[in-house]
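J.: Numbering (our numbering), first residue to last: -19 to 178.
1) Which of the three DSSP states, helix, strand or coil, is assigned to residue 71?
2) So which of 22, 36, 44, 50 has the shortest CA-CA distance to residue -3?
3) Considering only residues of the segment -10 to 14, which uninterrupted beta strand (DSSP E) runs meet the minimum length of 3 residues and lie entirely inside it, listed in chain order?
4) What is the DSSP secondary structure of residue 29, counted as helix, strand or coil?
5) Measure from the alpha carbon of residue 67 to the alpha carbon of each residue in 53, 42, 39, 28, then state which is nearest.
6) Excluding the 5 residues preceding and the 5 following residue -14 in the sequence, name in chain order all residues of the same chain whose CB lies nearer than 7 Å to its CB.
7) If you draw a straight line from the C-alpha of residue 10 to the C-alpha of residue 168, how long is it?
8) Check whether the Cβ atoms of residue 130 and residue 165 lie closer than 9 Å to each other.
9) On a Cα-Cα basis, can you pick out the residue from 163, 61, 75 that is closest to residue 115?
10) Verify whether the separation of the beta carbon atoms of residue 71 and residue -12 is less than 9 Å.
11) Taking the straight line between their C-alpha atoms, what separation do you get for residue 104 and residue 112?
12) Leaving out the 5 sequence neighbours to the left and right, which residues in its chain are closer than 8 Å to residue 122 when beta-carbon positions are compared?
13) Does DSSP classify residue 110 as helix, strand or coil?
14) How about residue 14 and residue 124: do their beta carbons lie closer than 9 Å?
15) According to the Cβ coordinates, are residue 7 and residue 46 closer than 9 Å?
16) Grab the span of the alpha helix (DSSP H) containing residue 158 for me, first residue to last.
17) What does a CB cutoff of less than 6 Å around residue 138 pick up in its chain, not counting 5 residues either side in sequence?
18) Between residue 4 and the rest of its own chain, which residues show a CB-CB distance below 7 Å, the 5 nearest in sequence each way excluded?
19) If you run the structure through DSSP and keep just helix, strand and coil, what is residue 46?
20) Can you name, in chain order, every residue of its own chain whose Cβ lies under 8 Å from the Cβ of residue 106, other than the five neighbours on each side?
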């Protein structure tokens, strides 16, 4: 058993025995992922806070059913994702815009590395920081599902397999959605900015 699984197993056992500090550790360990998913899928601030509480309430109540088929964080990510999807459906908010596009290379202008890094202090620092800010603004304009997949893949650096477990979407579908999200990003960037700005 991997070290992380041993730690998770111990935390779960302690929570099930009534140790509230162990559950606080689980929250501390996973809140970054939970917040990323919620903030990318839901725009309303109050709804975000309510959803975060709802997620951890569900985690606490379902913890005894966790079977270690995936990482604890992936399982909690899936609960978060499904909670957000249900919320969006109740509010009748579109989850994604379906488009059919011809495939082409969309990375001729931008690099998604800018989403994830504040580059080192070099000559290009300011330019890269500006690109990063532009890219982050454009990512926020994507439909909730695209925004979430882009964030999980490029910011959280999760694999297709891990994202598939969180979203319950097949890997092929994820790759397709990621392609469409990148295409939409590229088109928006070309529409709103000069090539030289990117």
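We put the beta carbon where it would ideally sit given N, CA and C, even for glycine.
Predicted, not measured: the structure shown is a model, and the values here were computed from it.
T.: According to the structure data:
1) Mapped onto the chain shown, residue 71 falls at position 91. Coil.
2) Within the chain shown, residue -3 is the residue found at index 17, counting from 1. It is 44.
3) none
4) In the chain shown, the residue the question calls residue 29 occupies position 49. It is helical.
5) Taking the chain shown and counting its residues from 1, the one referred to as residue 67 is at position 87. Residue 28 is the option with its Cα nearest to residue 67.
6) Numbered from 1 along the chain shown, position 6 holds the residue referred to as residue -14. No residues qualify anywhere along the chain.
7) Position 30 of the chain shown holds residue 10. Position 188 of the chain shown holds residue 168. About 32 Å.
8) Here residue 130 refers to the residue found at position 150 when the chain shown is read from its first residue. Here residue 165 refers to the residue found at position 185 when the chain shown is read from its first residue. Going by C-beta atoms, residue 130 is nearer than 9 Å to residue 165.
9) Here residue 115 is taken as the residue at index 135 of the chain shown, counted from 1. The shortest C-alpha separation from residue 115 is found at 163.
10) Reading the chain shown from its first residue, position 91 is the one you call residue 71. Reading the chain shown from its first residue, position 8 is the one you call residue -12. No, these two residues do not count as a Cβ contact at 9 Å.
11) Within the chain shown, numbered from 1, the residue matching residue 104 stands at position 124. Within the chain shown, numbered from 1, the residue matching residue 112 stands at position 132. Reliability fails at residue 104, whose pLDDT of 47 lies under 50, so the model's placement of it is uncertain and no value is given.
12) Locating residue 122 in the chain shown gives position 142, where the first residue counts as 1. So the list reads 130, 161, 164, 165, once near-sequence residues are dropped.
13) Mapped onto the chain shown, residue 110 falls at position 130. Three-state DSSP puts residue 110 in a helix.
14) Taking the chain shown and counting its residues from 1, the one referred to as residue 14 is at position 34. Taking the chain shown and counting its residues from 1, the one referred to as residue 124 is at position 144. Not closer than 9 Å, so no.
15) The sequence position of residue 7 within the chain shown is 27, counting from 1. The sequence position of residue 46 within the chain shown is 66, counting from 1. Not a contact, by the Cβ cut-off of 9 Å.
16) For the purposes of this step, residue 158 is identified with residue 178 of the chain shown, where counting begins at 1. 151 to 172 is the extent of the alpha helix (DSSP H) around residue 158.
17) As a first step, residue 138 is located in the chain shown; it is residue number 158 there, counting from the start. Answer for residue 138: 132, listed in chain order.
18) Sequence index remark: in the chain shown, residue 4 carries index 24 (1-based). Within the same chain, residue 4 has no close Cβ partners at all.
19) As a working mapping, residue 46 is identified with position 66 in the chain shown. In the structure shown, residue 46 sits in coil (DSSP, three-state: anything other than H, G, I, E or B).
20) Stepping through the chain shown from its first residue, residue 106 is reached at position 126. Confidence in residue 106 is poor, its pLDDT being 48 and thus under 50, which makes the residue's placement unreliable; the coordinate value appears in the next sentence. Result list for residue 106: empty, nothing under 8 Å.
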